[in-house]
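Contents: one structure, followed by commentary.
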Amino acid sequence: MAHLQCKKCGANVLEAKAFCPECGGAMVDEEVRQHTSEHDSYAQTMNLSKSGYNLMLSEMNLNISDAPNLTAERINLSKEFRSSLVLDPIKDNTESGGTNWRIIAAAVAAGLLLLVLVAVIFIVFVIKPFSA
């Protein structure tokens, strides 16, 4: 593969590289846009500064300072939501009362599955070889 010489630092760079690994300089000159984009050529596009935006709002009889503080409401709602998710270990949060029955059921199911697995392994590897 051919090498090119960097215009900034003079390092030899593979021609497939877009930038010089030594100095970061561009290996290919940037293309200059020859035509104006459709958005830029559209005559009715307006670029408003901050004061122009405020002027537009005042002409529409709107004022940003009159808007409700939605951020504070979101924070309050999120605190309420988080507090409803936190489980109190002393308080019973289950519908059926007592300890959480789902945890007990999962533990019993896992224990039975382990017991069956051990029995199958015992039968296949210990009893079968002696009976044959």
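Going by my numbering, the letters in the sequence shown line up with residues 4 to 135, in that order.
Heads up, the beta-carbon is just placed ideally off N, CA and C, and yes, glycines get one too.
Is residue i helix, strand or coil when you go by DSSP?
i: Leu-7; result: strand
i: Ala-1; result: It is not possible to answer for residue 1, since the shown part of the chain is limited to 4 through 135.
i: Asn-15; result: strand
i: Leu-117; result: helix
i: Ala-29; result: strand
i: Ile-93; result: Here the model assigns Ile-93 a pLDDT of 49, short of 50, so the residue's position is not dependable, and the following value carries that caveat. Residue state, collapsed to three classes: coil.
Hey, residue i and residue j are a contact pair by Cβ (cut 8 angstroms); roughly how many whole angstroms apart?
i: Met-30; j: Val-16; result: 6 angstroms
i: Leu-7; j: Glu-25; result: Contact doesn't hold; Cβ gap of about 12 angstroms is too wide.
In the DSSP assignment, find the unbroken alpha helix (DSSP H) run with residue i in it and report its ends.
i: Lys-53; result: 53-62
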